[in-house]
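Take 168 as the starting number for the sequence shown in this note's numbering and just add one per residue. These notes concern the structure reproduced below.
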Amino acid sequence: MKSKLFFRLFTVLIVTGYFFFTGCSPKHIASTAKHGRPYVVMLSLDGFRWDYPAHYNTPVLDSLAKAGVFAEMIPSFPTKTFPNHYSIATGLYPDHHGIVLNRFYASDLHRKYSISDRKAVEDGAFYGGEPLWLTAKKQGINNAVLFWVGSEADVQGMHPDKWYTYDQQLPFESRIDSVKTWLSLPPAQRPHLIMWYYHEPDGSGHRYGPHGEKTREMAEQLDKWLGQFFTEMRKLPEFNQINFIITSDHGMATITKEKSVFLTEILDTSMLSIIDGGNPVFNLKVKKDKLDEVYSVLKENPHLKVWKHDSLPQRLHYGHNIRTHDITVAADTGWSIHLSPKKHYGNGTHGYDNAWRAMHAIFYAAGPAFKENYRQQPFENVSIYPLICHILNLKPAKTDGDFSKVKPMLK
Ligand code: AMP
Ligand code: ZN
Ligand code: ZN
């Protein structure tokens with residue numbers, strides 16, 4: 168009975184990849200790292216809340232924290248997908264890189280941006296700053312990007328060396344194959360920076376809420392796929408030179424239909440010329456002379472946070488970009504903002520104030536550059552850019568990130 172149990176545990180450890188990091192001595196890692204340029208392979212799991220591993224069964228992520236680093240990471244405001252992935256890529260707050268929401272009117276370009284508009288998503292004119300893949304490319308470092316926000320656009324007129332049009336149907340296993348194939352290329356073509364993406368557990372979190380049974384299943388399934396990923400990675404001769412980062416763009420909060428505010432019911436929306444955003448955060452452009460009236464009506468509602476753009480708290484680093492218009496309104500924790508009553512409400516969302524821990528993201532890292540079994544203090548996601556530049560020995564472009572905040576996690 169006992170030996171059966173041990174075998175099962177052993178199998179679990181092998182399958183989950185537990186030994187893959189602990190199997191090599193630090194000395195060995197350090198000596199292989201000296202040979203040749205390091206690698207960074209960074210995966211984003213959309214909407215993977217920082218504390219899912221404390222509630223769900225995620226042995227691979229747990230082993231990654233033991234072999235390397237874990238941090239509760241602070242997303243940028245607003246805590247939506249596109250602003251945050253592009254903040255991680257550029258090290259800039261959304262105000263500074265220009266992807267200020269998932270959907271917005273760019274008054275500077277006189278055009279709309281939306282994550283469901285292919286033409287806009289692929290148009291470099293919307294994207295400011297310098298994403299990591301361009302910093303690498305400009306300095307002669309091969310790079311490959313699978314579906315990271317911004318990688319489909321001609322930012323500064325350039326694409327990553329390898330990039331693909333977004334295809335949500337591409338199975339997780341096929342994405343693992345892509346990463347493995349790239350890392351198996353001859354040295355001259357092999358990318359040293361890889362960024363890849365998966366759209367879960369965000370979708371499950373929206374439908375079932377962060378504590379939903381199906382969200383748990385998805386988080387645990389992702390962990391199993393990560394086990395498969397590390398099994399494949401371990402077979403590569405360069406495994407010991409690769410720095411793996413697994414992160415996410417934001418967390419997820421429970422919402423209920425009952426805690427909803429309907430904009431058209433509390434406000435005469437004919438005073439607005441633009442309403443950008445989606446539950447629970449909106450940017451409003453107000454018609455001439457109506458600013459104070461709109462502001463005071465919204466301010467009266469006890470479940471909303473409302474800011475004119477001269478009074479947004481500095482810590483949000485938001486509201487100066489012309490694309491954010493006149494007023495930002497975000498629901499209070501657990502509350503929703505909709506234009507009017509709806510058919511379906513969902514059970515989870517994100518986009519709230521980034522001070523709320525339910526919005527915080529994961530950051531795991533392991534490899535030759537990182538300390539082992541190290542719990543890093545929470546840091547803002549804009550500091551990933553200088554971290555990766557440091558590891559890959561790249562000269563960083565100007566960013567909002569602060570290398571001193573992430574330096575403690577490095578060896
Ligand atoms: P949201 O939860 O509204 O902030 O957005 C998350 C969704 O963005 C995911 O479920 C994906 O469907 C979508 N998404 C992520 N990357 C891309 C992309 N490159 N192009 C189009 N849609 C994307
Ligand atoms: Zn997201
Ligand atoms: Zn989402």
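Heads up, the beta-carbon is just placed ideally off N, CA and C, and yes, glycines get one too.
Any heavy atom of ligand 3 within less than 6 angstroms of residue CB: hits in chain order: Near ligand 3, residues with a Cβ at less than 6 angstroms from any of the ligand's heavy atoms are G214, T248, D369, H373 and H517; the list follows chain order.
When you compare only the Cα positions, how much space is there between P205 and F237? Roughly 20 angstroms separates the two Cα atoms.
Of the residues W349, T248 and K381, which one's Cα is nearest the Cα of G317? Of the listed residues, the one whose Cα sits closest to G317 is T248.
For the alpha helix (DSSP H) that contains Y219, what are its first and last residues? In this chain, the alpha helix (DSSP H) harbouring Y219 covers Y219 to H222.
Could you tell me whether any non-hydrogen atom of ligand 1 is closer than 7 angstroms to the CB of Y333? Yes, the beta carbon of Y333 sits closer than 7 angstroms to at least one heavy atom of ligand 1.
In this structure, what does DSSP give as the bridge partners for I413? Bridge pairing for I413: L210 and Y531 [DSSP].
What is the DSSP secondary structure of I196, counted as helix, strand or coil? Only weak support is given to the placement of I196: the predicted model assigns it a pLDDT of 39, under 50, and the value that follows is read from those uncertain coordinates. Correct three-state label for I196: helix.
Per DSSP, what are the beta-bridge partners of E239 in this structure? Under the DSSP definition of a beta bridge, E239 partners with I529.
So if DSSP puts D443 in a beta bridge, which residue, or which two residues, is it bridged to? Answer is N450, bridged to D443.
Quick check: does the Cβ of H264 come within less than 7 angstroms of any heavy atom belonging to ligand 1? Checking the 7 angstroms criterion, the Cβ of H264 is out of range of every heavy atom belonging to ligand 1.
With which residues is I361 paired in a DSSP beta bridge? DSSP lists V208 and A311 as partners of I361.
Do I494 and Y519 have their C-beta atoms within less than 8 angstroms of each other? The answer is no: Cβ separation not under 8 angstroms.
For ligand 2, is there any heavy atom lying closer than 7 angstroms to the beta carbon of H527? Ligand 2 never approaches H527 closely enough for any of its heavy atoms to be under 7 angstroms from the residue's Cβ.
Sort L451, R401, R216 and F449 by Cα distance to G372 and report the nearest one. It is R216 whose Cα lies nearest to the Cα of G372.
Are the beta-carbon atoms belonging to I442 and D275 less than 8 angstroms from one another? Cβ distance not < 8 angstroms, so I442 and D275 don't count as in contact.
Given a threshold of 16 other Cβ atoms within 10 Å of its Cβ, counted over all protein chains shown, does K565 qualify as buried or as exposed? Of the other Cβ atoms in all chains shown, fewer than 16 fall within 10 Å of the Cβ of K565; this residue is therefore exposed.
Check the DSSP bridge columns for G494 and list the partner residues they point to. For the sequence presented, residue 494 should be read as Ile rather than Gly. Partner(s): L451 and K475.
Assign W523 to one of three DSSP states: helix, strand, or coil. Three-state result, W523: coil.
Compute the distance between the beta-carbons of I504 and V428, then report whether it is under 8 angstroms. Cβ atoms of I504 and V428: closer than 8 angstroms.
When burial is assigned at 16 or more other CB atoms within 10 Å of the CB, is A256 buried or exposed? The residue is buried, with at least 16 neighbouring Cβ atoms inside 10 Å.
To the nearest angstrom, how far is it from the Cα of T246 to the Cα of M526? Answer to the nearest angstrom: the Cα atoms are 7 angstroms apart.
Taking only beta-carbon positions, decide if D344 is within less than 8 angstroms of chain C. The structure shown has no chain C; it contains just one protein chain.
Relative to ligand 1, is the shortest distance from any of its heavy atoms to the C-beta of N269 smaller than 7 angstroms? Here the distance from the Cβ of N269 to the nearest heavy atom of ligand 1 is below 7 angstroms.
Indicate the three-state DSSP secondary structure (helix, strand or coil) for L299 in the structure shown. Under the three-state reduction of DSSP output, L299 falls in the helix class.
Euclidean distance between Cα positions of P447 and S507: In this structure, the straight-line span from the alpha carbon of P447 to that of S507 is close to 13 angstroms.
Measure the CB-CB distance between N521 and F244 and report whether it falls below 8 angstroms. Closer than 8 angstroms, so yes.
Distance CB(I529)-CB(T421) smaller than 8 angstroms: Taking 8 angstroms as the Cβ cut-off, I529 and T421 do not qualify as a contacting pair.
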